[in-house]
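To start, the structure itself, in structure tokens.
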């Protein structure tokens, strides 16, 4: 099992600050200082950089504060050649048969570059903006049915389904996707686990300390075994990697110094209303305090003071960041979905600093290592340990 690296497309805006704070308080919908507009030209720069540096795919988010993931990524596919797109979407907002058809079309248009990130949703207020009024556990019940239908109609023959949330008669994609997109799925609640076990190809967790990540892996793996399935694992993290540890922590501290108390308080109040168990676990890592944010060696919880979802970053020298990735990998984590502020510059810091380190340790596939470093793969493999 090699390390598979992915980057992030900031379709809600980017910049040299933790720009997600624009979603909280009285500045909703207004310009945030230092914000880079997520226009197609800037996003194409990030996508091209990710492809050149050796990332396999880019995650594109979904929600009120970002551009539509399907439309944005299919446009960016015209600016790249190999890069895949991990498209986040919410099952309850469209027909499962339509979603299956969209995915099949996407695969043909991009020659097989679609991955799917299923986001059930943990914030009722956000769900209601899109007309969805189901409670937390029922949303996971619906996701279970949704993915059953999607996989059913991908078989290329008429498919019937009769459940509590969907009634489908003769559902069909006349030309099934080739290849079938891998499904990434996350969720920390008891309602989420069985859905992941039945449908996920990759179970994706936010960046908790290794011991907590191992507990999740063991939990999902045991549930999947009962279903007769094997699930792979991924982790979602930010990165601040520099030539020296001191430089990396200086950058982290600058991001922290840029946050005023009112912004943090507003963000914490909003995030605290989320029904997501994963979000609650993120908040518990720092408790809303600026103190003791290094919760594990090189694992920093400062991002989660103002950002929903993934709230931790790997901070340190290139070798230290590679150490932590190697540690998670040893637990069974294969996919690393990474990001940083700003996303263009941080892609280069990681790509030119950490990726060669991972290649030297033999953690990358020969093809990825060769493409990322520009050196023949056999030489890199020989240096592995």
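Numbering (full-length UniProt numbering), first residue to last: 1 to 385.
Think of the CB as a built atom: it goes at the ideal place given N, C-alpha and C, for glycine as much as any other residue.
Take residue 216 and list the residues in its own chain whose beta-carbon comes closer than 6 angstroms to its own, dropping the five residues that flank it on each side. 205
Out of curiosity, what's the CA-to-CA distance linking residue 406 and residue 318? Because the chain in this structure spans residues 1 to 385, residue 406 falls outside the shown range and cannot be described.
So what does DSSP say about residue 253, is it helix, strand or coil? helix
Taking the continuous alpha helix (DSSP H) assigned at residue 160, which residues delimit it? Run containing residue 160: none in the alpha helix (DSSP H); it sits in the beta strand (DSSP E), 159-162.
Does the ligand NAD have a heavy atom nearer than 6 angstroms to the CB of residue 353? No copy of the ligand NAD appears in this structure; indeed no ligand is present at all.
Classify residue 1: buried if its beta carbon has 16 or more other beta carbons within 10 angstroms, exposed otherwise. exposed
Per DSSP, which residues does residue 117 bridge with? Please list them. 88 and 184
State the Cα-Cα distance for the pair residue 171 and residue 35, rounded to the nearest angstrom. 44 angstroms
With burial defined as no fewer than 16 other Cβ atoms inside 10 Å of the residue's Cβ, what is the status of residue 283: buried or exposed? buried
Mind pulling the beta strand (DSSP E) runs of 3 or more residues that sit fully within the segment 176-220? 183-185 and 202-206
What does DSSP give as the partner residue(s) for residue 166 in the beta ladder? None, per the DSSP bridge assignment.
By DSSP, does residue 328 sit in helix, in strand, or in coil? helix
Identify the continuous beta strand (DSSP E) that holds residue 335 and give its terminal residues. 333-339
Alpha-carbon spacing of residue 326 relative to residue 18, whole angstroms: 27 angstroms
Beta-bridge partners of residue 236, as assigned by DSSP: 206 and 337
What residues in its chain sit with their C-beta under 6 angstroms from that of residue 24, if we drop five residues either side in the sequence? Note on residue 24: pLDDT 46, under 50, position unreliable in the model; the coordinate value appears next. Cβ within range, chain order: 266, 267 and 270.
Pairwise C-alpha distance: residue 61 and residue 435: For the chain, the structure presents residues 1 to 385; residue 435 sits outside this window and is missing.
Return the CA-CA distance between residue 298 and residue 240, expressed in angstroms with no decimal places. 10 angstroms
Just how far apart, CA to CA, sit residue 245 and residue 178? 44 angstroms
Residue 153 vs residue 97 beta-carbon contact at 7 angstroms: yes
Relative to the C-alpha of residue 169, which candidate in 176, 175 and 158 has its C-alpha closest? 158
Any 3 or more C-beta pairs closer than 8 angstroms across the segment 109-129 and the segment 139-146: yes
Unbroken beta strand (DSSP E) run spanning residue 112, endpoints: Element bounds for residue 112: n/a, residue is neither H nor E.
Please classify residue 351 as buried or exposed, where buried requires at least 16 other C-beta atoms within 10 Å of its C-beta. buried
Taking only three categories from DSSP, how would you classify residue 284? helix
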